[in-house]
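Notes follow once the structure below has been shown.
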Amino acid sequence: MAAIQTEHLSYVYSPGTPFEKTAVDDVNVEIEEGAFVGVIGHTGSGKSTLIQHFNGLLAPTKGRVLIGGEDLWADKSKLRQFRFQVGLVFQYPEYQLFEETVYKDIAFGPTNMGLSADEVNRRVLEAAAAVGLREKHMEKSPFELSGGQKRRVAIAGVLAMRPKVLILDEPTAGLDPRGRDRILGQLREYHEQMHNTVLLVSHSMEDVARYCGRVLVMNRSRLFLYGDTREVFERADEISGMGLSVPQVTRIFLGLKEKGYDVRTSIYTMDEAKAELLSLLAKEGK
Amino acid sequence: MGFIEVNHIHFHYDAEEGMEPVTVLEDMSLQIRAGEFVAVLGHNGSGKSTLAKHLNAILVPQSGKVTVDGMDTADEENLLSIRQRVGMVFQNPDNQIVATVVEEDVAFALENMGVEPPEIRRRVDEALRMVDMYAYREHAPHQLSGGQKQRVAIAGVIAMRPECIVLDEPTAMLDPRGRREVMRTIRQLNEEEGITVVLITHYMDEAAQAGRVVVVDNGRLLLDGTPRQVFSHVDVLREVGLDVPQATLLAHELCASGLNLPDDILDENDFIEAFLRRMEGR
Amino acid sequence: MLRDITIGQYFPGKSVIHRLDSRVKILLVMAYIIMLFLADNPLGLLLGILFLILGYGISRISYKLILRSLKPVVPIILFTAVLNMLFMDGRPVLRVWIITVTYEGIRMAVFMAVRIICLIAGTSLLTYTTSPIALTDAIERLLSPLKTLHVPVHELAMMMTIALRFIPTLIEETDKIMAAQKARGADFETGRLMQRAKALVPILIPLFVSAFRRADELALAMECRCYHGGEGRTRMKQLHLRYYDFVACGFMLCCIAGTILINYCAPVVF
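Protein chains in written order, with my numbering: chain A, 1 to 286; chain B, 1 to 282; chain C, 1 to 270.
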């Protein structure tokens, strides 16, 4: 069963006013359980609006959103339960921290779920460990931590709800390469352990290429493509045509192809690139 | 002599109870010549922002000396003339726009400097044209995209006609389109207007566009040279938690497997050219 | 959503009313308010209404916007109207149980309601046709004589400008924080008053923290742009009185004179 499914999902902002704008237009997509999905598309492509439908923060203007096969909006009283199943980490999530201690802040979500104190405790510690927060951090005020640590506290706050689906809107924005690799690495590890479904919204094609098995591309409010990362990078020229960047390694192969060399252009990792170039050398060397 | 001279400066934050004082800059020396485009590269906490704040007297070194156009930043008398000569743009575009209309914001510094109104008008229009935001002069800041806001902030600084602008991670909060807009603007200001640019960043692709790259780590100067020279130190950069361009990295790894490629490759075009030369040479 | 707040929204335009000196506009609105309170004859109020129709017409601001600006004050208007209707002595029109509605009461209720509506619509016209920055600027200049009494006029105006600048930013931020806390299961819609008030903590604290951080960064950015208080400051936009400013003032004076004349001379119509 699909973790998330949309049927003819459309969303219109400020309908009936001069500012009317269709942000999501007839999107049909089925996201498999356990997938690690990159969501790409530039600002205004509708990707942020789309993901806010997945946990019921926005209600579709038309169409349906199904979570684990159930219509999200069928019964409004169940909406909150769906929000616990689909965790959403916003951009710059550190700006939502408010509690006196890191521990209490991470516990906010699970406490809202009405879990027992023991269960909350278990989940808080588990989530904190998943993002590499140590015991000594737990009783500190979240406002004393460094930028990268705050970000990880905020992510732990969502992980602690143990959502089946985890959606992150640019979790690495503004971090340096080390902070970025750390958070993405931890998310991958968590994913491998828990087999949860992850949707990673990112502007960085390098990150998508490195971490995601599936990619969802939004363009001008429509779903352009949903498929394996390789399928997406096979259409690298179309992706760059949309104004999205492709990884520099992919650009190398696009350039070689243009110069008339017989190379695959769906290459997006360093190892593949190395292998492909060495085999090209061997071929041409004959 | 450089336009900005940083001579053996030290800076540390006072210790909290029971903690060691945090040293941010240690014996840092740097010369920035007029007309240069220098990128200062370093990870978060490397001291690069603290260094930037020393360049226009927001911070004063605890030992050592910083001079701007021959003026000591530690001397209060020089404060306004230093800030007029070295403008500063920050990371968050929202938090540096003061006025509710674009052109009013660009005029802000000039009004503070007591420039005559007709001259303000002239310079505001000129600055807005330089950053390609003239058409938006009557817009409210919140109607603009991140990249546009950041260009307004840049206009607000260049309206002072500074000799140098220091940009502290100006693209960190922008999407790829905004980053491209801002980088194009910065390059133009340097190439066409001859403004000295100091760009603080942790994006290596931005640093690669500069004429000179300075790598800062642990409050010390680690590497200093042209982008080609600096990025050839792949192992050093990775060790201090920085990226190198994928093309540089690929060339580096191919070298490791016995292929003879130059070590000063910066982008895909460099790579393709070098690779083809290598292939034909066989 | 919070974003839809429209009170005091500025609609840019090129009409003569838009171009009037903002200082003059403020003075005109004050004069208009005086005129409304001088009028004790319905004909005088009619003049006030005509003045409004003319003002909105010339500035090409949609009359529908009057309704929008009235929305938040409807309860006040109704409340005063009801009070007037019930507690005015005079010729009874309707008697239900112990409540007596008098002819004078109805007249007063209508009169007061029209007066308040005109007052709101008139001041709204000022904010619809004058940018907030021009308003702040005008207030700063109108109050500048107080500087000699050591009133920090420039500082107050600067604070107003910054507040205006950051209102949209903070509203957007509030929306974002609310969404983020909802995603963690926060519940703002149900529960008793105390619970609801408590539910606001996760919004207010991040909002305050962020506002302080923004203030800090803004102060730094302002310092970098040579801000050092109001001393020696010049302004890009100079305000000059033009012929239409004098025409408008003249017209206003005529209207006030007209109102006074009506009070003394015109018969009471109803």
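No residue lacks a Cβ here, since even glycine has one placed at the ideal position from N, Cα and C. Treat the numbers as computed from the prediction; the structure is a model and nothing was measured.
Burial is judged here by how many other beta carbons sit within 10 angstroms of a residue's own beta carbon; residue 42(B) has at least 16 and is buried. Between the alpha carbons of residue 102(B) and residue 237(C) lies a gap of roughly 13 Å.
Residue ranges of uninterrupted alpha helix (DSSP H) with 4 or more members, entirely inside the stretch 106–136 of chain B and ordered along the chain, are 117–130. Excluding the 5 residues flanking it on each side, residue 164(C) has same chain C-beta neighbours closer than 8 Å at 132, 133, 136, in chain order. Residue 71(B) sits in a strand when the DSSP states are folded into three classes. Using a 10 angstroms sphere on the CB of residue 63(C), the tally of other CB atoms stays under 16, which defines it as exposed.
What residue 230(B) touches in chain C, judged by beta-carbon distance under 7 Å, is nothing: the nearest beta carbon there is about 28 Å away. Annotation for residue 183(B): 171, 206, 209 place their beta carbon closer than 8 Å to its own, counting only its chain and skipping 5 residues before and after. With a threshold of 8 Å between beta carbons, residue 57(A) makes contact with chain C.
For residue 120(B) against residue 168(B), the beta-carbon gap comes to about 26 Å, at or over 8 Å, which does not count as contact. Counting the other CB atoms within 10 Å of its CB gives residue 3(B) a total of 16 or more, which places it among the buried residues. Per the coordinates, the alpha-carbon of residue 116(C) lies some 7 Å from the alpha-carbon of residue 77(C). Listed along chain A, the residues sitting closer than 8 Å to residue 210(C) by beta-carbon distance are 95. The beta carbon of residue 40(C) lies closer than 7 Å to those of 263 in the same chain, with the five residues before and after it left out. Spatial neighbours of residue 278(B) in its own chain (CB-CB distance under 8 Å, excluding positions within 5 residues in sequence) are listed in chain order as 259, 260, 261.
Residues of chain A with a Cβ closer than 7 Å to the Cβ of residue 279(B) are, in chain order, 281, 284. Within the stretch 161–184 of chain C, the residues whose Cβ lies closer than 7 Å to some Cβ of chain A are 176, 177, 179, 180, 181, 182, 183, 184, listed in chain order.
Around residue 263(B), the same chain offers 232 as residues with beta carbons nearer than 6 Å, after the five sequence neighbours per side are excluded. Between residue 133(B) and residue 148(B), the C-beta gap is smaller than 8 Å, which places the two residues in contact. Residue environment: residue 112(A) is assigned as buried (16 or more neighbouring CB atoms within 10 Å of its CB, all protein chains considered). Annotation: residue 86(B) to residue 62(B) spans about 20 Å, alpha carbon to alpha carbon. In the three-state reduction of the DSSP assignment, residue 20(A) falls in the coil class. In this model, residue 280(A) and residue 13(A) are separated by some 51 Å (Cα to Cα). Using a C-beta cut-off of 8 Å, the stretch 166–181 of chain A makes no contact with the stretch 105–125 of chain A, since fewer than three inter-stretch Cβ pairs fall below that distance. With a cutoff of 8 Å on beta-carbon distance, residue 163(A) and residue 97(A) are scored as not near each other.
Annotation for residue 92(B): 173 place their beta carbon closer than 8 Å to its own, counting only its chain and skipping 5 residues before and after.
About 6 Å separates the beta carbons of residue 186(B) and residue 197(B), which is inside the 8 Å limit, making them a contact pair. In its chain, beyond the 5 residues on either side, 21 have a beta carbon closer than 6 Å to the beta carbon of residue 239(C).
In terms of CA proximity to residue 46(B), 24(B) leads the group 227(B), 54(B), 24(B). Assignment of beta-bridge partners to residue 31(A) by DSSP yields 4(A). Residue 40(A) carries a strand assignment under DSSP once its states are collapsed to helix, strand and coil. Along the length of the stretch 188–214 of chain B, whole alpha helix (DSSP H) runs at least 4 residues long occupy 204–207, reported in chain order.
The alpha-carbon separation between residue 246(B) and residue 265(A) amounts to approximately 16 Å.
Residue environment analysis places residue 190(C) among the exposed positions, since fewer than 16 neighbouring C-beta atoms fall within 10 angstroms of its C-beta.
For residue 112(A), the enclosing alpha helix (DSSP H) has its first and last residue at 102–112.
Between residue 187(A) and residue 198(A), the CB-CB gap stays under 8 Å.
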